[in-house]
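Structure, as structure tokens:
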Amino acid sequence: MNGVKYGALIGAILLLGACANSNTNTGALDNAPAEPAVEKQQEVIAKPTEDVQVETVMEDPATQQSLDMAADNALVYFGYDRYDLSSDGRSGLQAQAAWLVAHADVKVTVEGHCDERGTREYNLALGDRRANAVKNYLVALGVDPSRIHTVSYGKERPAVTGTGESVWSKNRRGYTRVN
Numbered sequence: 019m020n021g022v023k024y025g026a027l028i029g030a031i032l033l034l035g036a037c038a039n040s041n042t043n044t045g046a047l048d049n050a051p052a053e054p055a056v057e058k059q060q061e062v063i064a065k066p067t068e069d070v071q072v073e074t075v076m077e078d079p080a081t082q083q084s085l086d087m088a089a090d091n092a093l094v095y096f097g098y099d100r101y102d103l104s105s106d107g108r109s110g111l112q113a114q115a116a117w118l119v120a121h122a123d124v125k126v127t128v129e130g131h132c133d134e135r136g137t138r139e140y141n142l143a144l145g146d147r148r149a150n151a152v153k154n155y156l157v158a159l160g161v162d163p164s165r166i167h168t169v170s171y172g173k174e175r176p177a178v179t180g181t182g183e184s185v186w187s188k189n190r191r192g193y194t195r196v197n
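Take 19 as the starting number for the sequence shown in our numbering and just add one per residue.
Shown next, in the form of structure tokens:
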């Protein structure tokens with residue numbers, strides 16, 4: 019019995035010895051001299067710093083906020099299952115067009131949105147017609163069509179959640195976003 023205990027003790031010692039972590043160097047660091055590393059570090063520290071010029075960035079006046087203010091909002095609302103522009107919508111788009119003509123370097127995206135009623139596919143198509151109605155009106159007012167991109171979100175991005183006509187009417191919209 020003592021022989022078994024003695025054998026198990028020796029086996030455990032050998033097992034632990036085999037599992038021990040040995041710090042063996044691969045030789046890559048042994049060949050590298052220590053002095054150049056210190057000199058290199060001193061070179062980096064000894065280099066003079068370059069002059070840093072600070073630029074004052076002026077806020078670009080062609081921002082979403084300035085479009086919203088100029089057009090009294092960048093939104094156009096539509097009737098139920100409609101994509102024709104109301105007189106209020108045309109009035110807002112005239113202000114948007116004037117702003118876009120004054121900021122000829124700005125590109126915009128017109129987003130078409132719908133309320134939650136109808137299928138996803140139908141609302142995507144209706145949102146596309148709404149976005150294109152806005153774009154076509156802006157182009158008719160003198161905005162270069164290459165500056166206007168359109169996208170339809172259908173019912174996927176409601177402005178207001180809930181049900182009822184007061185909610186749905188806010189989601190049937192065209193939104194002009196500065197890129």
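Virtual Cβ for every residue (Gly too), placed ideally from N, Cα, C.
The beta carbon of V178 is closer than 7 Å to those of V185, K188, N189 in its chain, skipping five residues each way along the sequence.
Around the beta carbon of Q114, a 10 Å sphere encloses 16 or more other beta carbons of the protein chains shown; the residue is thus reported as buried. R195 is bridged by DSSP to T127. Buried is the label assigned to V196, since at least 16 other Cβ atoms lie within 10 Å of its Cβ. About 15 Å separates the CB atoms of L111 and V124; that is not less than 8 Å, and the two are not in contact.
Rounded to the nearest whole angstrom, the CA to CA distance from G130 to T194 is 9 Å. Here DSSP, grouped into helix, strand and coil, assigns G182 to coil. Inter-residue distance for N91 and L142 is about 23 Å (C-alpha atoms, whole angstroms).
If you look at V157, you'll find it in the alpha helix (DSSP H) that goes 138 to 158.
When DSSP states are grouped into helix, strand and coil, V161 belongs to the coil group.
With contacts defined as CB atoms closer than 8 Å, D106 and A151 fail to qualify as a contacting pair. Contact between V119 and G160 holds: CB atoms are separated by about 6 Å, below the 8 Å threshold.
By the C-beta density criterion, Y98 is exposed, having fewer than 16 other C-beta atoms within 10 angstroms.
For S170, the uninterrupted beta strand (DSSP E) run begins and ends at 166 to 172, by DSSP.
The continuous stretches of alpha helix (DSSP H) do not include L103, and DSSP gives it neither H nor E.
One thing to note: G192 has its Cβ no nearer than 8 Å to the Cβ of R135.
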